[in-house]
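Line order of the protein sequences matches chains Y and X. The numbering of the first sequence is my numbering, which starts it at 24 and goes up by one. The numbering of the second sequence is my numbering, which starts it at 152 and goes up by one. Note that CB positions come from ideal geometry on N, CA and C, so glycine has one too. Since this is a predicted model, take the numbers as computed values, not measurements.
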Amino acid sequence: MKELSLNILDITENSVKAKATLVEILLIENSDTLTITIKDNGTGMTDEVLEHVRNPFYTTRTTRKVGMGIPLFQFAAEQTGGNVTIMSKHFSAFPDDHGTTVTALFYKKHIDFTPLGDVVSTVTTLIQGHPNVDFLYEHKIGDNFVKLDTRELRAVLDDVPLDTFEILIWIKENLEEQYNSI
Amino acid sequence: MKSLAELQAIKDRMKSKIVLREGTGEIRVVVGMATCGIAAGARPVLNAFVEEINAANLYEKVTVSQTGCIGFCQLEPIVEVFEAGKEKITYIKMTPDKVKEVVEKHLKGGNVVTEYTVAGAN
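Spelled out as structure tokens, the structure:
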């Protein structure tokens, strides 16, 4: 992947496929590190799947949502000296509190650090493709932050769908303005 | 600043034509957005479709959606076009520039851009 924002898009697609109704994408950045957390309330993974999820060659029909996504993300993190941790609670064991959290740590000053890239485009692409899923996007950069919560937008929009073109443009411009004001 | 008040105004504008905007869905454009597609450049291709379809005022007729791996990862970004009563058209190795052409010639004009299809590549 040329940009970490593409890895974020890819990993979040797994959350959506796992029937998440809310996905939180949290970026925390300081001068040395970038931490990306993708937290969902989807079905979660069993311990057996979790054990194999980092292996690109582990894929069966029933766990097809796994594959190259996590290994590529992990590779991008490890080549900077960072790492990826995955925590998951499967709905069979945690009926009221299930989901998966993927956290990646990157060292930004490492020569092999992949730039974050067009993260705004990742957010709008996710909302365009999954207008019924809620996304909380938060990017903390030092003491500043950029935030978008589709639940807040939905409260204003009633039943006007989030994938309406004008709404997607509003979201894009809103995020760009927030970034520009930092 | 893009405020919530502005969002409210968009909502009020949309409400009146929401039935219209949900459209007839005569044509369905589906972009492969699995790991393979994303790595090959599916994100800008998808966004180009959304923008061009809106610019061409085709949103009543055409819907854009995302899907997983279509199965020919080496030909990504892949875009499938479904139209009632017609055979499925599969465009391969798409780029935002090709999208412009497909929207203009195929979705608007009704002429498949054969050179970008899987059949045209053979």
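- Taking 9 Å as the Cβ-Cβ cut-off, the stretch 180–191 of chain Y approaches chain X at Leu180, Asp181, Asp182, Val183, Pro184, Asp186, Thr187, Phe188, Glu189, Ile190, Leu191, given in chain order.
- DSSP places serine 144 of chain Y in the uninterrupted alpha helix (DSSP H) bounded by 142–152.
- Secondary structure at asparagine 155 of chain Y: coil, using DSSP grouped into helix, strand and coil.
- Residue-level contact by beta carbon fails for valine 180 of chain X and chain Y, as no gap is shorter than 9 Å.
- Put simply, of X/Val253, X/Lys239, X/Glu266, X/Lys249 the residue whose alpha carbon is nearest the alpha carbon of glycine 192 of chain X is X/Lys249.
- Beyond the five residues adjoining it in sequence on each side, valine 230 of chain X comes within less than 6 Å, by CB distance, of Val182, Tyr242, Met245 in the same chain, given in chain order.
- Shown here is that no member of the stretch 225–259 of chain X has a Cβ falling below 8 Å from a Cβ of chain Y.
- Cβ atoms of phenylalanine 96 of chain Y and valine 107 of chain Y come within 8 Å of each other, at about 6 Å.
- Between the C-alpha atoms of leucine 57 of chain Y and glutamate 203 of chain X there is a straight-line separation of about 34 Å.
- Rounded to whole angstroms, the separation of the alpha carbons of isoleucine 190 of chain Y and valine 254 of chain X is 21 Å.
- Taking 9 Å as the CB threshold, isoleucine 221 of chain X stays off the interface with chain Y.
- For phenylalanine 233 of chain X, the pairing in a beta bridge is given by DSSP as X/Arg179.
- Going by C-alpha positions, histidine 257 of chain X is about 10 Å away from threonine 265 of chain X.
- For glutamate 200 of chain Y and asparagine 155 of chain Y, the gap between their C-alpha atoms comes out near 25 Å.
- DSSP, read as helix, strand or coil, puts tyrosine 242 of chain X in strand.
- Annotation: Cβ neighbours of asparagine 197 of chain Y in chain X (cutoff 7 Å, chain order): Lys153.
- For glycine 165 of chain Y, the closest of Y/His75, Y/Val146, Y/Asp55, Y/Ala41 by C-alpha to C-alpha distance is Y/Asp55.
- Among the residues facing chain Y, alanine 185 of chain X is included, as its CB has a counterpart in that chain under 9 Å away.
- The DSSP-derived three-state label of histidine 257 of chain X is helix.
- Contact between methionine 184 of chain X and glycine 152 of chain Y holds, with the beta-carbon distance rounding to 7 Å and staying under 8 Å.
- For glutamine 151 of chain Y, the closest Cβ of chain X is nearer than 9 Å.
- Glutamate 177 of chain X has its alpha-carbon roughly 6 Å from the corresponding atom of alanine 235 of chain X.
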